[in-house]
Amino acid sequence: MEIRCSTTTAGSWSGDALVVGLFSGGASQATEALLGQRFGESLSQQLERRRFKGKAGETVSFSLLSQQPSSVVLVGLGEPAGFNSEQLRQATASGIKAATAAAASSIGIAMPLEGFAPAAAATAMAEATRLIQFTDQRFKGESDPKTQASSIELLGLPEGALSEAAAAVSSTGAMCSGVELARELVAAPPNVVTPAALADTAARIAGDFGLELKVLERSDCEALGMGSYLAVAQGSDLPPKFIHLTYRPQGTAERRLVLVGKGLTFDSGGYNLKTAGSQIEMMKYDMGGSAAVLGAMRAIAELKPAGVEVHMIVAACENMISGGAIHPGAIVKASNGKTIEINNTDAEGRLTLADALVYACKLEPDAVVDLATLTGACVIALGEEIAGLWSPNDGLADALRHAAEVGGENLWRMPLRASYRAGLKSGLADMKNTGPRPGGSITAALFLQDFVNGEIPWAHLDIAGTVWSDKGRGLDPAGATGFGVRTLVNWVCAGGPA
Ligand code: BES
Ligand code: MN
Ligand code: ZN
504 MEIRCSTTTA
514 GSWSGDALVV
524 GLFSGGASQA
534 TEALLGQRFG
544 ESLSQQLERR
554 RFKGKAGETV
564 SFSLLSQQPS
574 SVVLVGLGEP
584 AGFNSEQLRQ
594 ATASGIKAAT
604 AAAASSIGIA
614 MPLEGFAPAA
624 AATAMAEATR
634 LIQFTDQRFK
644 GESDPKTQAS
654 SIELLGLPEG
664 ALSEAAAAVS
674 STGAMCSGVE
684 LARELVAAPP
694 NVVTPAALAD
704 TAARIAGDFG
714 LELKVLERSD
724 CEALGMGSYL
734 AVAQGSDLPP
744 KFIHLTYRPQ
754 GTAERRLVLV
764 GKGLTFDSGG
774 YNLKTAGSQI
784 EMMKYDMGGS
794 AAVLGAMRAI
804 AELKPAGVEV
814 HMIVAACENM
824 ISGGAIHPGA
834 IVKASNGKTI
844 EINNTDAEGR
854 LTLADALVYA
864 CKLEPDAVVD
874 LATLTGACVI
884 ALGEEIAGLW
894 SPNDGLADAL
904 RHAAEVGGEN
914 LWRMPLRASY
924 RAGLKSGLAD
934 MKNTGPRPGG
944 SITAALFLQD
954 FVNGEIPWAH
964 LDIAGTVWSD
974 KGRGLDPAGA
984 TGFGVRTLVN
994 WVCAGGPA
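The structure is reproduced here in structure tokens:
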């Protein structure tokens, strides 16, 4: 699919489907001005009849049969005052969805671009165009007859900004490839995306883009004293893979950043087995953090930002039951020497992240960010559209919130309330891995903090709610969302911590 920027307007474009954004209120007048001359008054009469009000998210499609374009899709934009780049992205996605449903292969998109920087507008529209059209046919014997557009034109860009807009569009390609990789990893079943498959994915990125890769096997992790991570892995027939992928910029690196992702390719709960209603059959997506960091590395490797060195760490494994699986009540020792009483084997993500964070901090980075489908409690707190953000560092938290906003992802900062750490007290070991149910996503974050060198800015993102969307929303088709990639890539490309 080709995405082009053009100065052509809605009035003169030709192709299969024309998508036009209209504000609410003056919808019919605007249509007349914009399209009346071209398609005749019948269009505005039809609009009236079909009660198109121009509310945000509203779409209406007209078939013009033998004309060129053969269909027109009108997308409501709501009030002009609230129209920002997020609205532009959402409206573009709705319009493209309606146009491809009508099997259009060439689509022109005309949105009101006054007040937007052309490059930012082009980025938002290009991202929406590509991400909404993503389909996953890998596991179907017969492919669905859903069509993808072959050419998209972003209309009405100012002549003087065309090359700048085109450059912005071409860099969205790398970002979208990263999001798509993350979606494919998350959606793939647990018998396909295994710890070894995650390591293979990292190897493919390393090979394609010239990154460095180190994969630590079980024995290597034993030698490093990673008793917490290995306790989770020990019940599985599949060997754990501790994956360390590195991007080094050309020239000198002023910053070193580490991205850590939870990589549970399946979470059965272990002996604290997940029961009916706990969505055990969805726990293939418990590697969503690792998918986000792999997707981000794929994008970063292609974008090649200057001045930042980026490390990705994934302690990949499965949480299974067997005679060799860890017992509830077992006490293990992490690679920083801390002992942990595992009072619940289903709080396994933090056990794997503990050793991953210790390893990350040994790299002496300027910042560490981890992403994890860590707690059901975070889903209860924030739902499926917002990920939780914990950080003791205001500058880092703000930089991440900004990067998320630019990318159209939603983060909400949550408290690292120190007094709740009491919930993790153990009579025998240095700590337990599970606190009380209330505030469960907070104690999980506090647990992680124990494995981070306090001098290194660190942030934790709980993406348990945002990793998957049953119905699809915004730019996300139903299923895996690829959440986190855009935030991470924007943050890294902006240079990391404030
Ligand atoms: N992977 C789950 C968290 C999860 C739950 C992700 C629902 C996505 C949707 C995690 O390993 C887990 O099981 N957490 C437990 C922790 C509890 C035992 C303290 C939870 O949230 O129930
Ligand atoms: Mn679990
Ligand atoms: Zn889990």
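By my numbering, the letter at position 103 of the sequence shown is numbered 606, and the numbering carries on one by one without gaps. Where is the CB? At the ideal position from N, CA and C, for every residue including glycine.
Exposed or buried, which one is residue 587 when buried takes at least 16 other CB atoms within 10 Å?
-> Along the sequence shown, read from residue 1 onward, the residue named residue 587 stands at position 84. Exposed, by the Cβ-count rule.
Could you say which of 917, 794 and 925 lies nearest to residue 970 if we only look at CA atoms?
-> Walking along the sequence shown from the start, residue 970 turns up at place 467. Here the closest residue by C-alpha is 794.
Three-state class that DSSP yields for residue 1004 in the structure shown = Examination of residue 1004 is not possible in this model, given that the chain is present from 504 through 1001 alone.
Quick one: measure Cβ to Cβ for residue 773 and residue 822, integer angstroms, because I've assumed they're closer than 8 Å.
-> One-based indexing of the sequence shown puts residue 773 at position 270. One-based indexing of the sequence shown puts residue 822 at position 319. The distance from the Cβ of residue 773 to that of residue 822 is about 5 Å, consistent with a contact at the 8 Å cut-off.
Where does residue 578 land, buried or exposed, given buried means 16+ other C-beta within 10 angstroms?
-> As a working mapping, residue 578 is identified with position 75 in the sequence shown. Buried is the call here.
In whole angstroms, what separates the C-alpha of residue 633 from that of residue 655?
-> Reading the sequence shown from its first residue, position 130 is the one you call residue 633. Reading the sequence shown from its first residue, position 152 is the one you call residue 655. Cα-Cα distance, rounded: 10 Å.
Is it a yes or a no for the stretch 762-777 touching the stretch 715-732, going by three-plus beta-carbon pairs under 8 Å?
-> The answer is no - the stretch 715-732 does not touch the stretch 762-777, with fewer than three Cβ pairs under 8 Å.
Endpoints, the alpha helix (DSSP H) within which residue 511 is located = Along the sequence shown, read from residue 1 onward, the residue named residue 511 stands at position 8. It is not in any alpha helix (DSSP H) - residue 511 carries neither H nor E in the DSSP assignment.
Jot down the residue ranges of each uninterrupted alpha helix (DSSP H) in the stretch 682-748, minimum 4 residues, whole runs only, in chain order.
-> When DSSP assignments are scanned along the stretch 682-748, the uninterrupted stretches of alpha helix (DSSP H) that are 4 or more residues long and fall wholly within it turn out to be 698-712, 721-726 and 730-736.
Top-ranked residue by Cα proximity to residue 612, from 618, 602, 755 and 620 = The sequence position of residue 612 within the sequence shown is 109, counting from 1. Of 618, 602, 755 and 620, the residue nearest in Cα terms is 602.
Taking all protein chains shown into account, do 16 or more other C-beta atoms lie within 10 angstroms of the C-beta of residue 965, making it buried, or fewer, making it exposed?
-> Numbered from its first residue, the sequence shown carries residue 965 at position 462. It is buried - the Cβ of residue 965 has at least 16 other Cβ atoms within 10 Å.
Which residue's Cα is closest to the Cα of residue 869: 899, 988, 663 and 809?
-> For the purposes of this step, residue 869 is identified with residue 366 of the sequence shown, where counting begins at 1. Shortest Cα-Cα distance from residue 869 to any of 899, 988, 663 and 809 involves 899.
Buried versus exposed call for residue 581 [16 or more other C-beta atoms within 10 Å across all chains shown] | Here residue 581 refers to the residue found at position 78 of the sequence shown. The residue is buried, with at least 16 neighbouring Cβ atoms inside 10 Å.
When burial is assigned at 16 or more other CB atoms within 10 Å of the CB, is residue 883 buried or exposed?
-> Within the sequence shown, residue 883 is the residue found at index 380, counting from 1. Classification for residue 883: exposed.
Please state if the CB of residue 968 and the CB of residue 887 are separated by a distance shorter than 7 Å.
-> As a position in the sequence shown, residue 887 is number 384, starting the count at 1. As a position in the sequence shown, residue 968 is number 465, starting the count at 1. By the CB criterion at 7 Å, residue 887 and residue 968 fall inside the cutoff.
Measure from the alpha carbon of residue 609 to the alpha carbon of each residue in 635, 657, 647 and 597, then state which is nearest.
-> For this step, residue 609 is matched to residue 106 along the sequence shown. Nearest option by C-alpha distance: 657.
Confirm, please, whether the CB-CB distance from residue 941 to residue 787 is below 7 Å.
-> In the sequence shown, the residue the question calls residue 787 occupies position 284. In the sequence shown, the residue the question calls residue 941 occupies position 438. Contact flag unset, no.
Roughly how many angstroms lie between the CA atoms of residue 585 and residue 790, to the nearest whole one?
-> By one-based count along the sequence shown, residue 585 stands at place 82. By one-based count along the sequence shown, residue 790 stands at place 287. Spanning the alpha carbons of residue 585 and residue 790 requires a straight line of approximately 36 Å.
Do you know offhand how far residue 814's Cα is from residue 713's?
-> Locating residue 814 in the sequence shown gives position 311, counting from the first residue. Locating residue 713 in the sequence shown gives position 210, counting from the first residue. Answer to the nearest angstrom: the Cα atoms are 14 Å apart.
Tell me whether residue 649 is buried or exposed, calling it buried when 16 or more other Cβ atoms sit within 10 Å of its Cβ.
-> For the purposes of this step, residue 649 is identified with residue 146 of the sequence shown, where counting begins at 1. Counting of Cβ neighbours within 10 angstroms places residue 649 among the exposed residues, the total staying below 16.
Which residues DSSP lists as bridging residue 767, in chain order = If you number the sequence shown from 1, residue 767 lands on position 264. Residue 767 pairs with 820.
Tell me, to the nearest whole angstrom, how far the beta carbon of residue 1041 is from that of residue 872; I am working on the premise that it is less than 8 Å.
-> Past the edges of the chain, shown from 504 to 1001, lies residue 1041, and the structure says nothing about it.
Quick one: residues in its chain with C-beta nearer than 7 Å to the C-beta of residue 858, no 5 flanking neighbours on either side, listed in chain order?
-> Here the question's residue 858 lines up with position 355 in the sequence shown. Counting only Cβ-Cβ distances below 7 Å, and skipping sequence neighbours, we find 729, 731, 732, 818, 837 and 838.
Can residue 751 and residue 812 be called in contact, C-beta distance under 7 Å?
-> Within the sequence shown, numbered from 1, the residue matching residue 751 stands at position 248. Within the sequence shown, numbered from 1, the residue matching residue 812 stands at position 309. With respect to the 7 Å criterion, residue 751 and residue 812 are classified as neighbours on the basis of their beta carbons.
With DSSP as the reference, label residue 945 as helix, strand or coil.
-> To locate residue 945, count along the sequence shown from 1; it is residue 442. Assigned with DSSP and collapsed to three states, residue 945 falls in helix.
Does the beta-carbon of residue 553 have 16 or more other beta-carbons within 10 angstroms, so that it is buried, or is it exposed?
-> Within the sequence shown, residue 553 is the residue found at index 50, counting from 1. Counting Cβ neighbours within 10 Å, residue 553 comes out exposed, since fewer than 16 surround it.
Meets three-Cβ-pair contact criterion under 8 Å: the stretch 676-683 and the stretch 981-990 | Yes: the two stretches touch, three or more of their Cβ pairs being nearer than 8 Å.
Please indicate yes or no: does the CB of residue 770 lie closer than 6 Å to some heavy atom of ligand 2?
-> Taking the first residue of the sequence shown as position 1, residue 770 is located at position 267. Because some heavy atom of ligand 2 lies under 6 Å away, the Cβ of residue 770 counts as near it: yes.
Identify, in the order they occur along the chain, each residue of the same chain with its Cβ nearer than 8 Å to the Cβ of residue 962, setting aside the five sequence neighbours on each side.
-> Reading the sequence shown from its first residue, position 459 is the one you call residue 962. Cβ neighbours of residue 962 within its own chain (closer than 8 Å, five residues either side excluded): 870, 871, 872, 873, 892, 893, 894, 896, 899, 900 and 903.
Close-in-space but distant-in-sequence residues of the same chain around residue 528 (CB under 6 Å, 5 per side omitted) | As a first step, residue 528 is located in the sequence shown; it is residue number 25 there, counting from the start. Nothing meets the Cβ criterion.
Check whether residue 508 and residue 606 have beta carbons under 7 Å apart = Along the sequence shown, one-based indexing puts residue 508 at 5. Along the sequence shown, one-based indexing puts residue 606 at 103. No, they are not a contact pair.
Taking Cβ positions, are residue 742 and residue 721 nearer each other than 7 Å?
-> Here residue 742 is taken as the residue at index 239 of the sequence shown, counted from 1. Here residue 721 is taken as the residue at index 218 of the sequence shown, counted from 1. A distance below 7 Å separates the beta carbons of residue 742 and residue 721.
Please list, in chain order, all residues of the same chain as residue 938 whose beta carbon is under 6 Å from its beta carbon, the five residues on each side excluded.
-> If you number the sequence shown from 1, residue 938 lands on position 435. For residue 938, where only same-chain residues beyond five positions count, the Cβ hits under 6 Å are 926, 927 and 946.
So which of 702, 636 and 627 has the shortest CA-CA distance to residue 672?
-> Here residue 672 refers to the residue found at position 169 when the sequence shown is read from its first residue. Per the C-alpha coordinates, the member of 702, 636 and 627 positioned closest to residue 672 is 627.
So is the beta-carbon of residue 1002 under 6 Å away from any non-hydrogen atom of ligand 1?
-> Outside the displayed span of the chain (504 to 1001) sits residue 1002, for which this structure offers no information.
For residue 659 versus residue 562, is the C-beta distance shorter than 7 Å?
-> Your numbering for residue 659 matches position 156 in the sequence shown. Your numbering for residue 562 matches position 59 in the sequence shown. Going by C-beta atoms, residue 659 is not nearer than 7 Å to residue 562.
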